[in-house]
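**Q**
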Amino acid sequence: MRLSARYTKFAVLAPGTGVLQTATGSGGDTGTLNGAAARTEATFLRSLDELGRLEQLDRVIGPLQRAVRGLPLGRWRDVLHGLPIGHPLHPALVQLPLGSWMSAAVLDLVPGTRRGARVLVGVGVLSAVPAALAGWVDWAEQHEDQMRTGLVHAGSIAAAIGLYANSWVQRGRGRTALGKALGLAGLCAAGTGGLLGGHLAYRQAAGPNKAQPVPHLVAAGWHTVGRVTDFPVGEAVRRELGEVPLVVVRQPGGHIHVLADRCSHMAGPLSEGKVADGCVQCPWHGSVFRLADGANVRGPATAPQPAFQVSVESDGTVRVRLPDAG
Numbered sequence: 001m002r003l004s005a006r007y008t009k010f011a012v013l014a015p016g017t018g019v020l021q022t023a024t025g026s027g028g029d030t031g032t033l034n035g036a037a038a039r040t041e042a043t044f045l046r047s048l049d050e051l052g053r054l055e056q057l058d059r060v061i062g063p064l065q066r067a068v069r070g071l072p073l074g075r076w077r078d079v080l081h082g083l084p085i086g087h088p089l090h091p092a093l094v095q096l097p098l099g100s101w102m103s104a105a106v107l108d109l110v111p112g113t114r115r116g117a118r119v120l121v122g123v124g125v126l127s128a129v130p131a132a133l134a135g136w137v138d139w140a141e142q143h144e145d146q147m148r149t150g151l152v153h154a155g156s157i158a159a160a161i162g163l164y165a166n167s168w169v170q171r172g173r174g175r176t177a178l179g180k181a182l183g184l185a186g187l188c189a190a191g192t193g194g195l196l197g198g199h200l201a202y203r204q205a206a207g208p209n210k211a212q213p214v215p216h217l218v219a220a221g222w223h224t225v226g227r228v229t230d231f232p233v234g235e236a237v238r239r240e241l242g243e244v245p246l247v248v249v250r251q252p253g254g255h256i257h258v259l260a261d262r263c264s265h266m267a268g269p270l271s272e273g274k275v276a277d278g279c280v281q282c283p284w285h286g287s288v289f290r291l292a293d294g295a296n297v298r299g300p301a302t303a304p305q306p307a308f309q310v311s312v313e314s315d316g317t318v319r320v321r322l323p324d325a326g
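If you're matching positions, the sequence shown starts at 1 in the UniProt record's numbering and goes up one per residue.
(1) Using 10 angstroms around the beta-carbon of N296, count the other beta-carbons present and answer buried if the total reaches 16, otherwise exposed.
(2) What is the DSSP secondary structure of T30, counted as helix, strand or coil?
(3) So is E55 buried or exposed if we call it buried at 16+ other beta carbons inside 10 Å?
(4) Determine the DSSP secondary structure at Q142, reduced to helix, strand or coil.
(5) Pick helix, strand or coil for C188, following the three-state DSSP scheme.
(6) Please classify L166: does DSSP put it in a helix, a strand, or coil?
(7) Consult DSSP for G207 and reduce its assignment to one of helix, strand or coil.
(8) With respect to the alpha helix (DSSP H) encompassing T43, which residues constitute its N-terminal and C-terminal limits?
(9) Run through the DSSP bridge pairs and tell me what F289 is partnered with.
(10) Between the Cα of D293 and those of F308, D315 and W284, spot the shortest distance and give me the residue it belongs to.
(11) Using the Cα positions of I85 and G35, report the straight-line distance between them to the nearest angstrom.
(12) Got a sec? Which residues, its chain only, sit under 6 Å from H90 by beta carbon, not counting five neighbours each side?
(13) Would you mind working out which of T302, R59, S271 and L45 sits nearest S287, comparing C-alpha positions?
Here's what the structure looks like:
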């Protein structure tokens with residue numbers, strides 16, 4: 001595709017320097033990035049990325065992580081992770097408090113809606129509790145850089161909850177102007193928390209299914225992964241299929257199961273995990289997957305593992321294929 005002249009001049013940042021460099025083609029100045037705006041954008045993104053490198057937060061993260069993991073939640077922990085719905089529950093739960101608070105901000109601009117605004121502020125505070133709990137449960141099973149960013153995210157949301165709780169109290173005492181001001185401050189804190197949550201989810205990939213790309217990386221058809229004798233009974237063995245690592249388990253009855261090796265939760269190596277009761281457990285965060293079909297039996301993983309079909313030839317050669325691959 002040939003670019004028109006208006007797209008032949010552009011600005012880029014020199015790697016690791018934040019210094020603006022401009023490359024110019026035959027076109028005019030149309031489409032040139034503003035230098036100051038580009039530097040501001042780069043500084044902003046660099047600041048967000050730096051949150052994941054704040055090792056000073058680790059002294060707080062350790063005790064908090066142990067406390068969250070120690071909560072007696074039982075099977076409710078998997079519910080809070082989102083296992084029953086197949087994806088993290090936290091992003092869905094935050095819609096209610098944020099929606100309530102934003103609606104309250106709109107009503108604050110409309111005469112005669114004082115009572116409705118206070119009700120929405122209260123609904124937001126109450127609904128933020130289960131949303132925050134789900135977020136903490138997810139946070140305790142993340143990588144270090146994600147936990148650092150997540151801690152700042154949680155701090156912003158905690159500030160928002162505190163401001164809105166105070167706003168609700170002040171509105172009830174008739175101090176409407178102060179209540180509105182506190183609500184506005186709370187909305188800013190919640191917005192900051194939402195920004196950090198988006199950075200955590202999409203730039204740092206906390207939450208997405210890490211096994212989703214597997215069908216797009218494996219070629220269609222059958223592939224040889226070894227011979228039956230290469231796989232000791234009851235042990236998880238790692239094999240490579242192009243770019244995709246596999247975990248191969250030979251059951252006592254001779255049946256062989258093959259799953260994608262990288263855990264759908266945080267890409268942990270299942271081949272290094274424990275095999276028991278027809279399942280394999282991720283060594284990183286404890287997610288359990290059924291060997292027969294890759295179904296996730298226990299979280300924090302909310303998505304199943306890609307399961308390969310297995311064929312054993314008469315000479316003992318083991319071949320696998322992934323339905324819908326390619």
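We treat Cβ as the ideally placed atom computed from N, Cα and C, and that holds for glycine.
**A** On the basis of the coordinates in this document:
(1) buried
(2) For T30, the pLDDT reaches just 45, beneath the cut-off of 50, and the residue's location in the model is therefore unreliable, leaving the point undetermined.
(3) Classification of E55: exposed, given that the 10 Å Cβ count is below 16.
(4) coil
(5) helix
(6) Strictly speaking, residue 166 in this sequence is Asn, with Leu absent from that position. Reduced to three states, the DSSP call for N166 is helix.
(7) coil
(8) Going by DSSP, T43 is part of the alpha helix (DSSP H) stretching over G35 to L51.
(9) V280 and N296
(10) F308
(11) 46 Å
(12) A134, G135 and D138
(13) T302
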